[in-house]
Amino acid sequence: MCGIIGYCGPKPAAPILVEGLKRLEYRGYDSAGICVGNERVLQLIKKKGKLQELRQAVPADMLGTYGIGHTRWATHGEVNDTNAHPHFDADGSIAIVHNGIIENYNALREKLEDEGFIFRSETDSEVIAFLLGTLYEGDLEQALKRTCRILKGTYGIVAMHKDEPGVLIGVRNGSPLVLGIGEHEMLLGSDVTAMLAHTKQVIYLEDGEVVRLTADSYRTTDLRDRDVDKKVDYITWELEEIEKDNHRYYMEKEIFEQPESILRAMQGRLDRDSATAHLGGLNMTNRELLEVERIKLVAAGTSYHAGMVATYLIESLARIPCSAELASELRYRNPIVERNSIYFAISQSGETADTLYAMRELQRKGARVLGICNVVGATIPRESDGGVYIHSGPEIAVASTKAFTSQLTALYLFALLIARMRDMSYEQGLVFIDALEAVPEQVRAILDRHAEVEALAKKYAHAEDFLFLGRGINYPVALEGALKLKEISYIHAEGYSAAEIKHGPIALINESTPSLVIIPDDGLREKVISNMKEIKARKGPVIALAVEGDRDVAAIADDVIYVPRAHEWVYPFLMMVPLQLFAYYCALELGRDVDQPRNLAKSVTVE
Ligand code: F6R
Numbered sequence: 350m351c352g353i354i355g356y357c358g359p360k361p362a363a364p365i366l367v368e369g370l371k372r373l374e375y376r377g378y379d380s381a382g383i384c385v386g387n388e389r390v391l392q393l394i395k396k397k398g399k400l401q402e403l404r405q406a407v408p409a410d411m412l413g414t415y416g417i418g419h420t421r422w423a424t425h426g427e428v429n430d431t432n433a434h435p436h437f438d439a440d441g442s443i444a445i446v447h448n449g450i451i452e453n454y455n456a457l458r459e460k461l462e463d464e465g466f467i468f469r470s471e472t473d474s475e476v477i478a479f480l481l482g483t484l485y486e487g488d489l490e491q492a493l494k495r496t497c498r499i500l501k502g503t504y505g506i507v508a509m510h511k512d513e514p515g516v517l518i519g520v521r522n523g524s525p526l527v528l529g530i531g532e533h534e535m536l537l538g539s540d541v542t543a544m545l546a547h548t549k550q551v552i553y554l555e556d557g558e559v560v561r562l563t564a565d566s567y568r569t570t571d572l573r574d575r576d577v578d579k580k581v582d583y584i585t586w587e588l589e590e591i592e593k594d595n596h597r598y599y600m601e602k603e604i605f606e607q608p609e610s611i612l613r614a615m616q617g618r619l620d621r622d623s624a625t626a627h628l629g630g631l632n633m634t635n636r637e638l639l640e641v642e643r644i645k646l647v648a649a650g651t652s653y654h655a656g657m658v659a660t661y662l663i664e665s666l667a668r669i670p671c672s673a674e675l676a677s678e679l680r681y682r683n684p685i686v687e688r689n690s691i692y693f694a695i696s697q698s699g700e701t702a703d704t705l706y707a708m709r710e711l712q713r714k715g716a717r718v719l720g721i722c723n724v725v726g727a728t729i730p731r732e733s734d735g736g737v738y739i740h741s742g743p744e745i746a747v748a749s750t751k752a753f754t755s756q757l758t759a760l761y762l763f764a765l766l767i768a769r770m771r772d773m774s775y776e777q778g779l780v781f782i783d784a785l786e787a788v789p790e791q792v793r794a795i796l797d798r799h800a801e802v803e804a805l806a807k808k809y810a811h812a813e814d815f816l817f818l819g820r821g822i823n824y825p826v827a828l829e830g831a832l833k834l835k836e837i838s839y840i841h842a843e844g845y846s847a848a849e850i851k852h853g854p855i856a857l858i859n860e861s862t863p864s865l866v867i868i869p870d871d872g873l874r875e876k877v878i879s880n881m882k883e884i885k886a887r888k889g890p891v892i893a894l895a896v897e898g899d900r901d902v903a904a905i906a907d908d909v910i911y912v913p914r915a916h917e918w919v920y921p922f923l924m925m926v927p928l929q930l931f932a933y934y935c936a937l938e939l940g941r942d943v944d945q946p947r948n949l950a951k952s953v954t955v956e
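Counting from 1 along the sequence shown, just add 349 to a position and that's the residue number in our numbering.
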């Protein structure tokens, strides 16, 4: 979604702003712009399309050492130069960038139009700039605070005024804003990747907080002008981690990082002596964990699929009722919070609005909500009652890959912990640990054979529809495989339980609709083979994902992708990786923009 960068310091601001926007590209955007202040003049450049357009439009000698920049992901108004940010107030004295949605913008706009103001764009954000202009009495910070009392909705805003050189004011309500503290320079960004090249010291603003910054100072207050003391955090990510290295796309890099990222998620958390896991961040005593009678996993998209996998595992191993629910649905159905239940909000970014709002609603009802997140210091981990960081390192590609397998790892660790407190024996615990510890090398073996998946992708990429089928714990993997393919290749794909096809989807099967069928060596193998035969009987092409040496499957399927033999619980990891590769190579074959697929955003901070 939209990205924000602001800079105040001794250096020319324009290249720093454009570079910051480059780092934010991964969030998804359709236009970009910057505004730089110099000698009481604000210079504004905005361009529809990729950042390259903006870069070309910025003069090499653009002067000014403070400014703001924005990548826009359209919500109100079409994609064009005018609707791009920054936006000026009526007379061009103030410029703002805004992330979020202003819910009462229509009423505010009509009122301002009645007063004679003429808007240039169709955006809700321009209303903020105009309002700010009408409330300005010589102090931008105070004017912004007055403006915020009128606005309804979500926002992260950064504003600058031509008569207050070297000053930026930021405010947050529902859209993330981070202050970066450098050497005689300050930055503001919608996430830390925008400022990592300049500083690792950051302050995360909370809702209702305002920051006034100059090159050498910052002051944080609330909307009623009271000082707020803030803790300085340290970013643990390295700049190299957000580079592409020698990979064509971030998605490729992130798929191939999985042996290491899965290992990182489990490192230091497995205890062989006690055959259990240690997850100190849960902030729960053993007694509290023992009292848990129900577990609910709340998330969106890929994270939801990780949660679904965990429901099979937790119910089987710990014998505790466990269910997964889409955050966007849960929030609006007045959920019942039962005694002795715990919730997990699963989110790579830790900023997804649907998940965050569902979490807050659950907490209002008295629920204990734990977070499973990747981005340290993001809103969900900050507001949750405890949780687990998955430590996958930055995930830049819009399509989530390594975060999924690391989320699984964290959930598997939790399953082990809670199962060992119930029926799981010491010996069973050790078997589980062995199975989990083998996963990174098994994933590496699958990645080593990526060329086989690439060849299959080339063969099938021109099909118009795909089915992804799996059963049991691998059913959510089929859903995730279909999601991966559709989001980056734009091929229509549906994930189903292999058992369900006879209840409807089998009508879609014909010679040109391939099915990817997940057939691990588990208790459902025979049944999935029967489902595969039903497809073959209707001349549907089948690409099977099967265990090395499974001749029965090879005899029926048109093509087979093999994974190493493993413990039946860990096949979701092993089956997912070839499906990620398949989606990636199909998208390459079709010439898609793999890292920034159309219409999608990395961190979905609006509902
Ligand atoms: C798909 C994808 C999305 C996200 C979803 C939730 O590849 O990335 O479906 O999984 O938007 O995002 P997080 O995990 O950041 O809450």
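We put the CB at the ideal spot given by N, CA and C, even for glycine.
Does the Cβ of residue i have 16 or more other Cβ atoms within 10 Å, making it buried, or fewer, making it exposed?
i: valine 390; result: exposed
i: proline 408; result: exposed
i: alanine 895; result: buried
i: isoleucine 837; result: buried
i: alanine 444; result: buried
i: isoleucine 685; result: exposed
i: lysine 807; result: exposed
i: histidine 627; result: exposed
i: arginine 613; result: buried
i: aspartate 512; result: exposed
i: arginine 573; result: exposed
i: glycine 940; result: exposed
i: aspartate 348; result: This structure does not reach residue 348, given that the chain is present from 350 up to 956, and the question cannot be answered.
i: alanine 856; result: exposed
i: threonine 585; result: exposed
i: glutamine 791; result: buried
i: glutamine 945; result: buried
i: asparagine 948; result: exposed
Is the beta carbon of residue i within less than 7 Å of some heavy atom of the ligand F6R?
i: leucine 828; result: no
i: glutamate 374; result: no
i: alanine 648; result: yes
i: glutamate 836; result: yes
i: glutamine 697; result: yes
i: valine 953; result: yes
i: serine 755; result: no
i: serine 652; result: yes
i: threonine 542; result: no
i: threonine 728; result: no
i: leucine 675; result: no
i: leucine 832; result: yes
i: aspartate 936; result: Note that residue 936 is alanine in the sequence shown here, rather than aspartate. Alanine 936: no, Cβ never under 7 Å from the ligand F6R.
i: threonine 701; result: yes
i: glutamate 704; result: The amino acid occupying residue 704 in the given sequence is threonine; glutamate does not appear at that position. Checking every heavy atom of the ligand F6R against the Cβ of threonine 704, one is found closer than 7 Å.
i: alanine 748; result: yes
Pop quiz: residue i and residue j are said to be a contact at Cβ under 8 Å. What is the actual Cβ separation, rounded to whole angstroms?
i: aspartate 571; j: glycine 726; result: Wrong, their Cβ atoms sit about 20 Å apart, outside the cutoff.
i: leucine 818; j: alanine 827; result: 5 Å
i: alanine 950; j: arginine 376; result: 6 Å
i: cysteine 351; j: arginine 404; result: Between arginine 404 and cysteine 351 the Cβ distance is about 18 Å, and since that is not below 8 Å, they are no contact.
i: glutamate 534; j: glycine 358; result: 3 Å
i: glutamate 637; j: glutamine 697; result: That pair is no contact at about 27 Å.
i: glycine 355; j: alanine 433; result: Their Cβ separation, rounded to whole angstroms, is 16 Å, which puts glycine 355 and alanine 433 out of contact at 8 Å.
i: alanine 904; j: alanine 893; result: Alanine 904 to alanine 893, Cβ: 10 Å. No contact.
i: glycine 308; j: leucine 631; result: Missing from the structure shown is residue 308; the chain here goes from 350 to 956 and no further.
i: valine 891; j: alanine 847; result: About 11 Å; that fails the 8 Å criterion.
i: alanine 932; j: lysine 833; result: 4 Å
So that I know if they touch, is there some Cβ in chain B lying closer than 8 Å to that of residue i?
i: lysine 579; result: Judged by its chain identifiers, the structure shown contains no chain B, having just a single protein chain.
Between residue i and the ligand HEM, is the CB less than 7 Å from at least one heavy atom?
i: valine 560; result: No copy of the ligand HEM appears in this structure; the ligands present are the ligand F6R.
Which whole runs of the alpha helix (DSSP H) in the segment 525–561 are 4 residues long or more, in chain order?
Complete alpha helix (DSSP H) runs here, min 4: none at all.
Quick one: complete beta strand (DSSP E) runs, 3+ long, within the segment 829–901?
Runs of the beta strand (DSSP E) spanning 3 or more residues and lying entirely within the segment 829–901 occur at 841–846, 864–868 and 891–896, in chain order.
Curious, which full-length beta strand (DSSP E) runs of at least 3 residues does the segment 690–750 contain?
DSSP runs (the beta strand (DSSP E)) wholly in the segment 690–750: 690–696, 717–722 and 736–738.
Considering only residues of the segment 434–518, which uninterrupted alpha helix (DSSP H) runs meet the minimum length of 4 residues and lie entirely inside it, listed in chain order?
Look at the segment 434–518 and you find these whole runs of alpha helix (DSSP H), each 4 residues long or longer: 454–463, 474–484 and 489–499.
Every unbroken beta strand (DSSP E) within the segment 615–685, with a cutoff of 3 residues, ordered by chain
Within the segment 615–685, the complete beta strand (DSSP E) runs of at least 3 residues are 643–648 and 671–675.
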